[in-house]
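Heads up, the thing below is written out as structure tokens.
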Amino acid sequence: MKKFAYELFLLGLIGVVFAIAAILDPRFLSKNVQLELSSEIWELGLLTLGMTLVIITAGIDLSVGSAMGLCSVSLGLCMHANLPTWLCALACLVTGLTAGALNGSLVAFMKVHPLLVTLATYGMYRGFAEGLQSATTNAPVDASEGIKSLAAGTFPLVPLLFAALTVWTAILLGRTAAGRGLYAIGHNEEAARFSGIPIAKLKFWIYTYTGLLAGLAAISYSARRSATAEAGMVIELDVISAVVIGGTSIEGGRGRIAGTLLGVLLIHETRQFVDWYWQRSELTLIVIGTLLILAVLGHRFLFAQNPKTR
Amino acid sequence: MKYRREASLLILVAVLSLLATLFDGSFVRDNTLDILINSIPTMIISCGVMLVIITGEIDISVGSLLGLLAAILALLCSTVSPGLGIHPYLAIPIVLTIGTLIGLGTGCLVVYGRVPSIIATLGLLIALDGAQDWLMGGGDIKHFPQQLRNLGTGTKLPINLIFTILVVVATGLLCRKTALGRRIYAVGSNRSAARLAGISEAKIKLFVFALTGLLTAMAATLWVAKLGNVSTSTGAGLELKVVTCVVVGGIAIRGGRGRLLGVVLAVILITMIRTVLNFMDLGSEAVKWQRAIEGVMILVAVTSDHFSQRQQSGGSS
Amino acid sequence: MNRTPDPIITIESVSKSYGGVEALSEICVDILPGEVHGLCGENGAGKSTLIKCLTGVIPPETGKITVDGTPLRHGDIHAAELAGIAVIYQESTAFLDLDLVDNLFVGREIKKFGWLDRRAMEKRALAVMQRLDFTLDLHTPLREFSIAQRQMVEMARACLRDCRLLIMDEPTASLSSRETKTLLGLVTQLRAAGVSVLYVSHRLEEIFQLCDRVTVFRDGKLVATTPIEQLNRDQLIGQMVGREVDVLTRHKEHTERTDKIRAKITGLCSRGRFSKISFEVRSGEILGIGGLVGAGRSELARAIFGVDRYDDGEIQIDGITLKKGSIQSAIEAGIAMVPEDRQHQGLILPMSVSENLSLTILAELTKYRLLHHDREAERVQSLMQHLAVKAANAKMEAASLSGGNQQKVVLGKWLATKPKLLILDEPTRGVDVAAKAEIHRLIRDLTEAGMATLIMTSDLPELITLSDRIEVMCEGEIAGQLEGGTATEEQVMRLAFPRGEAQRT
Amino acid sequence: SGSDSERDDGTSTRPNSDRITIALLPKLKGIAYFTSCAEGAQQAADELDNVELIYNGPTTASADKQAQMIDKWRLQGVDVIAVAANDPAVLSESLKKAQDAGITVITWDADAQAEDRSFFVNQATAEAIGGGMVDTMANDLGGPDAVGEVAIISATATAANQNEWMKHMETRLQSYPNLKLVATKFPGEDQNAAFQDSQDLIKKHPNLKGIFGISSVSFPGAAEAVKQAGKTGEILVTGLSTPNDMQPYVKGGEVKTVVLWNTQDLGYLTVYAAAAIRSGELQPGATEFTAGRLGKKQVSGDQILLGDILLFTTENIDQFDF
Ligand SMILES: Nc1ncnc2c1ncn2[C@@H]1O[C@H](COP(=O)(O)OP(=O)(O)OP(=O)(O)O)[C@@H](O)[C@H]1O
Ligand SMILES: Nc1ncnc2c1ncn2[C@@H]1O[C@H](COP(=O)(O)OP(=O)(O)OP(=O)(O)O)[C@@H](O)[C@H]1O
Ligand SMILES: [Mg+2]
Ligand SMILES: [Mg+2]
């Protein structure tokens, strides 16, 4: 289908990665390996859901990784205080929600450019995370059994949650008035306003939603590793890259969750395979950076015949 | 008021100096020169990034680029293996050329590839970081010839500061006194109108990106000259600091508006925050919050302006 | 007028196409020295494209343009400038962040030893302003000037060079009578000085008032170049449209003028924009608001629609008072507004016609909070039929429609909400005669069906023929009322001018 | 409890004839310290002709990235993973899984939780490092009665190793009543900030006598700041570094003593230990084993000891090349 041409192109690229893997080291493709490596993907995936909405409105959120760190530390502090698991998780989510809401209100109600807001909160949230951790526990907290069972138990809670949120976000974007409003804002905020679309409200909620997702991602991370200020370090680069590779336009107005999922998958598989086969962390960086630029170039020259069409 | 932003930045600088003076009477006398010298890399690169943002684009690859160029310079100059021991006066032009070419390449991606600049430079931010680590291989590179170190420390004259002042003055002249400068603003202000006025948007953008590359190479040179050490973390995070300085300095992120003076003040302000905090008796607990405090200050700087601007324009869209 | 047979500019079989669209095909026009040459045609006929070819912004695909017998290099803006061609473009070319001097000289700076020679540029700027009879501060960013002042700056820009040919592409589209008069005066003055003018406008009165000869395009093809004496209004329209158009010429008496007050505005004030505005609009009535540009009409419209907040006063729809500064509550109360800037405020150009049309009624189209695509398609289809929008299908980008059709889409997206009060701000700006007539008819029909309509327009004939009643605004206040149909342009203008200068008509 | 050498996966072929793959994971790649360890490790791998060495690590000191690499190595089926742990808590899960998969896990340079590995190749405990730096500083400043103010420049406030060392440094400082710790700074991984912090410390505390630069960024930064402030000889800098890396400052006089151990030997020993544990040659309870050119090395409990801390000064620094 022509509408999904770019998504097919991404699928093709993922196929290429798999093909290269099949030639160089087929073990990488075994079900077991893929399943095990997939534990890395959920946090990235969760964050991209919110980021897709944000970028569709021509916004950006650089602070997701830092917010995730802050959430993880607040989770750790609660566990340190021996609070019940559900309360710890709640505190983590509330932290994320608050961080997102701060971004959201500055962007939506104060009308500060999102790049400026989140550039500032990027440093601020991480600073608070590090400050909190070093001033109180001074060490990462090993996740409690309760939290661990959320992520590492037999029941795949995080993947299921991710799947549910993906469906929900996709429906929101494709099938609701709010979603249509987000696209309208991304293309032309002024006209959207004149059409009676509640711009401030929508913007506020998508940044807040992104913050909430950072909280969820922090729970997942802390369960896998530990509750630490390091959580989510530089993940924002991957999140933005995945969303953009997935075909969402950084200029706003264009993008789909399906593309984002493929973008996440492409980044994930590429990174994992380059790490797996060549064992050189630097090379991975070079490959991912190049992939990002090439994907956007590809989108421009292969799929956008007319720069105006979306 | 036309110089509103500059005035408020100046007041902030004054307030911070005063605050630090409360803790140490000779703060201003002892630290002015050092703060200026410490601000050099940010200052030089901000001049370039400012022009890029004025044209309505952005460059967030400068941190990684500085790291890569510093690594190249180090490998060329270092007198100890794996350094090649090339004379600095030969090596520096090479590095400046490489920097300019990479900047030009970025420009081409943006202008001819029509990749949005934030994405193009994000890709480069990641890829050049990897390239730097790749190139450095083992560990820190030290042992630079004295001619190079002299640019950063050696003699009584702060050559690097004088050089930076020259760069700032030249940028100021470019902005205000040359046709090119006005055209940079014109492109950022209204690109289709600029096209109709016969201005080549492509050339202007290529120029500002290439210039940013060149200035980043200069900053890399002075960085190596001053610190005498290049590591794989050299330059990391600098791009965010530079963009912060540029926007706090009053350059509109959408392009077309803002003055160099504001940026210069913002660079000094943001560089001195660290020193001022160092001079305040924060105590061993509070010092752990230093990064958070810096973050809050930047958030305040970035948003406070929007409050005052909104009051000024009366809230209409 | 001395007509020398040697044209200064000859355009020979110039063609240009965009993708499949032939914007210009085999166009041949010549322009004589010292003539005002009109260029007419429907939206999308290719007028602006021809101008861009002339000024070197785009190279034509075939053909030749010669100035005084020497061929002009294609696609070279500076070559065109050197040949003495100056232009005021249709779309604004102002640099809002730059000051007046920069705006005048950007791209053609005066330099001394490679540096800008500000002193010289300021001198030239003052001189040209004097010649055009206006004064503005040289160092104020253009953002702070009004639209009309910006237009004057554009004019000064074009006049800076001693040009042989001045091209004006719909220069009066965003001007009202006073500025239009100044501008028309300038054109006459230039003609007297031997400069040729190529004049594009959809306002036929101006064409008849100014031009010596008129060239008409239709669908990128040349129809004819005719001396103005040999044409009357209907013939000209006939050339442009290629068929009969029933142009609104007289005020039709309303049959169903009820006394039901739909909208009531009392004592509305907004500091620095307007004050003490009170009026009411009845169901089935068209209330026109006249005035000069900058009189505050758009501001009033924005305030009523909730785009801007206001300081004092009250707006009631069917007796219910509205919340201040909230578009959503204005829409809920039944207000709709077609804003003045169709491309930036009215439409989301990269979205499809269908998406644009349904944007205001999304809530109606949802079921279990999900959008109902079939119902959306149905509604869109019926709207497009009702308004006779010319588009291949509803999935087309709004950007690819002609100006008139775009305006219909804006109208349509608001009619879909079944508004009680429809506010129209410059509904026919830049719209060609045929489309204009259709839009007028639509407005009439809808109002007769019981809607109240508030129309702000700078097009005086439109204001007078369309409105049942007219309120005239001057410097943010209501200066007086007139009856529609019977009012004359002169009466409107007398009220519109600030007291001191009301003597000029 | 943590030994897994019995948990051989059935393939009990003769030791030494089988090729074994050892994955050596540093805290981060690209700093001289770990690069020199890797050189030593490679020497050992070359000597032991059945060893294949993989050396890879994160580009910043990230425990998360380390955990990812451990997971990958587990899936690839390496035989031994030797980890310099950035953060025991973060790595715990991955190390446990690796052990469960029959991989021999040892730690080196920085330990993980004891149950997550079989042996720790110990070059020095956090206590020895922290105490060693303080003793060195005190010694250089005039022995037990050393008088003056000292400051610490660390990395980020959350860096686990640095925090551990600082704890011990503060304890040890109490035995020098006249050495007063006046400030601790956290410049992160930013060279310029490390320089600036040192510069400010020097001015803010005129009686400052010593600076501990305890990260690879802050040590040279502090030394350079002292040099440029013209305080060479007045303010001493010390910290952990390879001799090659700090050699200019030792020669220049900003640094009197650099604290470290033989990093090449550490890498070398790690690989020998890894091979020996894998082959069953080194079992829990052993008290010593032979590590190539290093000869007999002491094993104490589950720790393999490298030997003493080395102090590099002008006298001996030229004798080392790493
Ligand atoms: N940049 C472009 N890309 C594609 N098509 C274009 C472009 N510019 C103009 N066209 C098309 O060329 C045709 C002529 O457009 P032009 O702007 O010259 O019309 P016009 O006569 O000036 O109309 P108007 O009265 O609305 O200004 C139209 O069909 C238009 O859609
Ligand atoms: N001093 C000013 N500074 C900036 N913009 C101005 C100023 N005065 C007027 N404008 C702009 O000029 C436009 C016309 O002004 P206004 O809306 O008051 O006039 P109007 O009577 O509605 O004219 P029209 O609708 O015919 O353009 C508005 O969009 C307004 O924003
Ligand atoms: Mg036109
Ligand atoms: Mg108006």
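Residue numbers (our numbering), protein chains in the order written: chain A, 1 to 310; chain B, 1 to 317; chain C, 1 to 505; chain D, 1 to 322. Every residue, glycine too, gets a C-beta built ideally from N, C-alpha and C. Computed from a predicted model, the values in this text were never measured in an experiment.
Distance CB(isoleucine 261 of chain C)-CB(leucine 268 of chain C) smaller than 8 angstroms: For this step, residue 261 of chain C is matched to residue 261 along the third sequence. For this step, residue 268 of chain C is matched to residue 268 along the third sequence. It is not a contact, given that the beta carbons lie outside the stated cut-off.
Buried versus exposed call for threonine 255 of chain C [16 or more other C-beta atoms within 10 Å across all chains shown]: Within the third sequence, residue 255 of chain C is the residue found at index 255, counting from 1. Summary for threonine 255 of chain C: the model assigns pLDDT 49, below 50, so the residue's position carries little reliability; its value from the coordinates is reported in the next sentence. Threonine 255 of chain C should be labelled exposed.
Boundaries of the beta strand (DSSP E) in which histidine 187 of chain A is found, first to last residue: Taking the first residue of the first sequence as 1, we reach residue 187 of chain A at position 187. Segment 177-187 is the alpha helix (DSSP H) holding histidine 187 of chain A; no beta strand (DSSP E) there.
Short CB-CB distance (under 8 angstroms) between threonine 70 of chain C and chain A: Translated into the one-based positions of the third sequence, residue 70 of chain C becomes position 70. No, no contact with chain A.
Minimum C-alpha distance to proline 84 of chain A - residue among A/Ile60, A/Glu145, A/Ile199: The count along the first sequence starts at 1 and reaches residue 84 of chain A at position 84. Closest option to proline 84 of chain A, Cα to Cα, is A/Glu145.
Proximal chain A residues relative to glutamate 355 of chain C, where beta-carbon distance stays under 9 angstroms: Working through the third sequence from its first residue, we reach residue 355 of chain C at position 355. By Cβ distance, chain A contributes Arg180, Tyr183, Ala184.
Near ligand 1: tyrosine 18 of chain C beta-carbon under 7 angstroms from a heavy atom: Taking the third sequence and counting its residues from 1, one reaches residue 18 of chain C at position 18. It does: the Cβ of tyrosine 18 of chain C is within 7 angstroms (strictly closer) of some heavy atom of ligand 1.
For serine 352 of chain C, three-class secondary structure by DSSP: Here residue 352 of chain C refers to the residue found at position 352 of the third sequence. Three-state result, serine 352 of chain C: strand.
Nearest to alanine 273 of chain D (by Cα), restricted to the options D/Leu260, D/Glu149, D/Gly292: Counted from its first residue, the fourth sequence places residue 273 of chain D at position 273. Considering only alpha carbons, the answer is D/Gly292.
Beta-carbon proximity of valine 410 of chain C to glycine 306 of chain C, cut-off 8 angstroms: Position 410 of the third sequence holds residue 410 of chain C. Position 306 of the third sequence holds residue 306 of chain C. No. Outside cutoff.
Interface positions of the stretch 256-274 of chain D facing chain A (Cβ-Cβ less than 7 angstroms), listed along the chain: none
Coarse secondary structure for valine 169 of chain B, derived from DSSP in three states: Along the second sequence, read from residue 1 onward, the residue named residue 169 of chain B stands at position 169. Helix.
beta-carbon asparagine 393 of chain C near ligand 1 non-hydrogen atom, thresh 7 angstroms: As a first step, residue 393 of chain C is located in the third sequence; it is residue number 393 there, counting from the start. No, Cβ of asparagine 393 of chain C sits at least 7 angstroms from all heavy atoms of ligand 1.
Under 8 angstroms between C-beta atoms of serine 348 of chain A and alanine 91 of chain A: Any question about residue 348 of chain A goes unanswered here, given that chain A covers just 1 to 310.
Exposure label - serine 26 of chain B; buried when at least 16 CB within 10 Å: In the second sequence, counting from the first residue as 1, residue 26 of chain B sits at position 26. Label assigned to serine 26 of chain B: exposed.
8 angstroms Cβ cutoff, threonine 244 of chain B in contact with chain A: As a first step, residue 244 of chain B must be located in the second sequence, where it is residue number 244. With 8 angstroms as the cut-off, threonine 244 of chain B counts as an interface residue toward chain A.
Alpha-carbon spacing of histidine 344 of chain C relative to serine 298 of chain C, whole angstroms: Taking the first residue of the third sequence as position 1, residue 344 of chain C is located at position 344. Taking the first residue of the third sequence as position 1, residue 298 of chain C is located at position 298. Histidine 344 of chain C and serine 298 of chain C have their C-alpha atoms some 15 angstroms from each other.
Bridge partners - arginine 469 of chain C, DSSP secondary structure assignment: What you label residue 469 of chain C is simply residue 469 of the third sequence in a count that begins at 1. Among the bridge pairs identified by DSSP, arginine 469 of chain C is matched with C/Leu287, C/Glu483.
Buried/exposed call for phenylalanine 312 of chain D, threshold 16 Cβ in 10 Å: Sequence index remark: in the fourth sequence, residue 312 of chain D carries index 312 (1-based). Buried is the call here.
Check: alanine 507 of chain C C-beta below 7 angstroms from any heavy atom of ligand 1: Nothing about residue 507 of chain C can be read from this structure; chain C reaches only from 1 to 505.
Isoleucine 320 of chain C, buried or exposed, once every other Cβ within 10 Å from all chains shown has been counted against 16: One-based indexing of the third sequence puts residue 320 of chain C at position 320. Its Cβ having fewer than 16 others within 10 Å, isoleucine 320 of chain C is exposed.
Proximity test, Cβ basis, 8 angstroms: threonine 210 of chain A and chain C: On the first sequence, residue 210 of chain A is found 210 positions in, with the first residue counted as 1. False, the Cβ-Cβ gap to chain C never drops below 8 angstroms.
Beta-carbon neighbours of tryptophan 276 of chain A, restricted to chain D and to distances below 9 angstroms: Stepping through the first sequence from its first residue, residue 276 of chain A is reached at position 276. By Cβ distance, chain D contributes Lys72, Leu75, Gln76.
Buried or exposed (CB count within 10 angstroms, at least 16 for buried), asparagine 2 of chain C: Translated into positions along the third sequence, residue 2 of chain C becomes position 2. For asparagine 2 of chain C, the pLDDT reaches just 49, beneath the cut-off of 50, and the residue's location in the model is therefore unreliable, although a value from the coordinates is still provided. Asparagine 2 of chain C is exposed by the Cβ-count criterion.
The stretch 103-119 of chain A touching the stretch 280-289 of chain B, judged by at least three CB pairs closer than 8 angstroms: no
Backbone CA spacing between glycine 179 of chain A and isoleucine 348 of chain C [nearest angstrom]: Position 179 of the first sequence, counting from 1, holds the residue named residue 179 of chain A. Position 348 of the third sequence, counting from 1, holds the residue named residue 348 of chain C. Computed Cα separation, rounded: 15 angstroms.
Presumed contact (8 angstroms Cβ cut-off) between aspartate 468 of chain C and leucine 287 of chain C, rounded CB distance: The residue you call residue 468 of chain C lines up with position 468 of the third sequence. The residue you call residue 287 of chain C lines up with position 287 of the third sequence. Correct: roughly 7 angstroms between the Cβ atoms.
Against chain A: residues of the stretch 287-302 of chain B by CB proximity under 7 angstroms: Lys288, Trp289, Arg291, Ala292, Glu294, Gly295, Val296, Ile298, Leu299, Val302
Residue range of the unbroken alpha helix (DSSP H) whose run includes threonine 453 of chain C: Position 453 of the third sequence, counting from 1, holds the residue named residue 453 of chain C. From DSSP, threonine 453 of chain C is part of no alpha helix (DSSP H) but of the beta strand (DSSP E) over 452-456.
Residues in the stretch 84-104 of chain D having any Cβ partner in chain A nearer than 7 angstroms: Correct list: Asp87, Ala89, Val90, Ser92, Glu93.
Partner residues on chain A for glutamate 285 of chain B, Cβ-Cβ distance less than 7 angstroms: Working through the second sequence from its first residue, we reach residue 285 of chain B at position 285. Per Cβ cutoff of 7 angstroms: Ala135.
Boundaries of the beta strand (DSSP E) in which valine 80 of chain B is found, first to last residue: In the second sequence, the residue the question calls residue 80 of chain B occupies position 80. Membership of valine 80 of chain B in any beta strand (DSSP E) is not indicated, and neither H nor E is assigned to it by DSSP.
Residue of C/Gln316, C/Val293, C/Leu422, C/Val214 minimising C-alpha distance to valine 338 of chain C: In the third sequence, the residue the question calls residue 338 of chain C occupies position 338. The shortest C-alpha separation from valine 338 of chain C is found at C/Leu422.
Assigned secondary structure, alanine 229 of chain A (DSSP; H/G/I helix, E/B strand, else coil): Locating residue 229 of chain A in the first sequence gives position 229, where the first residue counts as 1. Looking at alanine 229 of chain A - three-state DSSP - the assignment turns out to be coil, as it is neither helix nor strand.
By C-beta, the residues closer than 5 angstroms to any heavy atom of ligand 1, given in chain order: C/Tyr18, C/Val21, C/Ala23, C/Asn43, C/Gly44, C/Ala45, C/Gly46, C/Lys47, C/Ser48, C/Thr49, C/Gly403
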